[in-house]
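Enquirer:
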Amino acid sequence: MGLAMSLALTLVALAVPLLLGVGAGASKLFDDPEAAITALNRYVLFLAFPVLIAVGMVDRAFALPTSPAFYAVVPTVACLLVLGLSVLRKLTSIGGDAGIIALTALFGNTAYVGLPVIEGVLGPKSLGLGALAVGLHVTTSMIIGPVMLLSWGEGSASGAMRRALGKVAKQPLAWAPIVGFALRLLPAEVLEAGVLLFTPVARSASPVGLFLIGLFIH
């Protein structure tokens, strides 16, 4: 099978759960679609994706990147984005909407869409690096995004920072890379058994995440 065909099949496979979500909404599969979206989102955000990231990190073949640039790129891009929005906020009429734009742009969709695409296109071996990058992105976004949202609205930047740090401390996605690396200290046979047990949960993250996006779109 050629590379182009393989890539096309990967993209179609990613689109299937998304389209099923749209179909579920169109066919009124759920009596309360908003409640279904909330429940699925909690499952994916607080359980499935953190497990997927941790499982991606426990592979001992994955070596922690040593280049400072790897750890600097996400915060640098976030700061440049905020700087650009600060200029636009002063030069245009976006005003109080700048905080909402900043929050949306900073968060993106690196977990719900990014990790499934990374795994589908580059293979399971890419999950370790992708998981670490997502962890950095989520942590950076959860700190900077709410601060911009509140400080450019009607809130206090210092108060927003305290609240943001509290949210990060409670967010499994931010802790998942650290947990994954800590688990690598376990004996190989214990680690392999744990990965085998949790792999089904990790594998459910991408399709369930894409499904709920399709349901939300509808």
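Going letter by letter, the sequence shown gives residues 17 to 234 in the working numbering.
Even glycine gets a Cβ: it sits at the ideal position worked out from N, Cα and C.
I'd like the list of long-range same chain contacts for residue 132, defined as Cβ closer than 6 Å, with 5 residues on each side in sequence excluded.
Expert: Correct list, in chain order: 30, 222.
Enquirer: For residue 137 and chain C, any beta-carbon pair shorter than 8 Å?
Expert: Absent from the structure is chain C; it holds one protein chain and no more.
Enquirer: Can the beta-carbon of residue 196 be found less than 8 Å from the beta-carbon of residue 70?
Expert: Yes, the Cβ-Cβ distance between residue 196 and residue 70 is below 8 Å.
Enquirer: Measure the C-alpha to C-alpha separation of residue 142 and residue 109 and round it to an integer number of angstroms.
Expert: Each residue's alpha carbon lies about 42 Å from the other.
Enquirer: Could you have a look at residue 153 and say whether DSSP puts it in helix, strand or coil?
Expert: Correct three-state label for residue 153: helix.
Enquirer: For residue 76, which of helix, strand or coil comes out of DSSP?
Expert: Correct three-state label for residue 76: coil.
Enquirer: Report yes or no: do the stretch 144 to 164 and the stretch 185 to 195 share at least 3 C-beta pairs separated by less than 8 Å?
Expert: With the cut-off at 8 Å, the stretch 144 to 164 and the stretch 185 to 195 touch.
Enquirer: Going by CA-CA distance only, name the one from 137, 181, 145 that's closest to residue 81.
Expert: Of 137, 181, 145, the residue nearest in Cα terms is 145.
Enquirer: Can you tell which of 46, 26, 76, 22 has its C-alpha closest to the C-alpha of residue 228?
Expert: For the residues 46, 26, 76, 22, the minimum Cα distance to residue 228 belongs to 46.
Enquirer: With distance defined between alpha-carbon atoms, name the residue in 38, 135, 87, 26 nearest to residue 219.
Expert: Cα-wise, what sits closest to residue 219 is 135.
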